[in-house]
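Since the structure comes first, as structure tokens, the remarks are kept for the end.
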Amino acid sequence: MSVTCFINYNTSEQTLQHLIEAVKNSTSFTLDTESVCIPYQPNKPALIQLQVIQENLFSYIIVIEVCHLPHENTEKFELIRELFSYLFDPNNDIYVWGSIDELKKFMELHLFSSNQIYGSNNINSQDYFKNY
30 MSVTCFINYN
40 TSEQTLQHLI
50 EAVKNSTSFT
60 LDTESVCIPY
70 QPNKPALIQL
80 QVIQENLFSY
90 IIVIEVCHLP
100 HENTEKFELI
110 RELFSYLFDP
120 NNDIYVWGSI
130 DELKKFMELH
140 LFSSNQIYGS
150 NNINSQDYFK
160 NY
């Protein structure tokens with residue numbers, strides 16, 4: 030069973046704190062990103078999709094709508110940063126489809142740093158399917 034949550038400027042602090050607790054209490058995640066194609070320009074970051082896999086087989090699907098985040102100087106934004114700081118813990122397994130480099134273009138949003146991204150245990154799931 031899973032629950033889907035969207036993170037944007039309308040997300041309550043209580044919901045963010047609940048999601049932070051879920052991330053803190055998990056060690057397995059899947060992560061994917063989506064960007065908007067803009068002709069003759071680099072793609073614009075749009076979504077970070079995160080699955081928080083819990084031991085009881087319950088999971089949260091978190092969709093971070095990066096074009097609709099609260100302002101950086103708000104408590105809500107700080108809570109979103111905190112969620113990412115727990116996600117990128119080196120003891121966590123983060124399964125990505127492709128390279129974790131996809132997140133580099135999202136760094137301009139100031140949600141996480143390159144040290145956090147590359148310090149985490151990222152597993153490229155695509156590598157497991159190359160032989161098929």
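For the sequence shown, this note's numbering begins at 30 and goes up steadily by one. Beta carbons are placed, not taken as given, at the ideal position from N, Cα and C, and that holds for glycine.
Between the beta-carbon of S31 and that of F87 there is about 7 Å, and that keeps the pair under the 8 Å contact cut. Note on geometry: alpha-carbon atoms of P74 and K133 lie some 10 Å from one another. Going by beta carbons, V81 and S41 fall outside the 8 Å limit. Per DSSP, Y157 lies in no alpha helix (DSSP H) and is assigned neither H nor E. Around the Cβ of F141, a 10 Å sphere holds 16 or more other Cβ atoms; the residue is buried. Along the segment 95-134, the beta strand (DSSP E) occurs as fully enclosed runs of 3 or more residues at 122-125, listed in sequence order. Annotation for E42: the continuous alpha helix (DSSP H) segment containing it runs 42-53.
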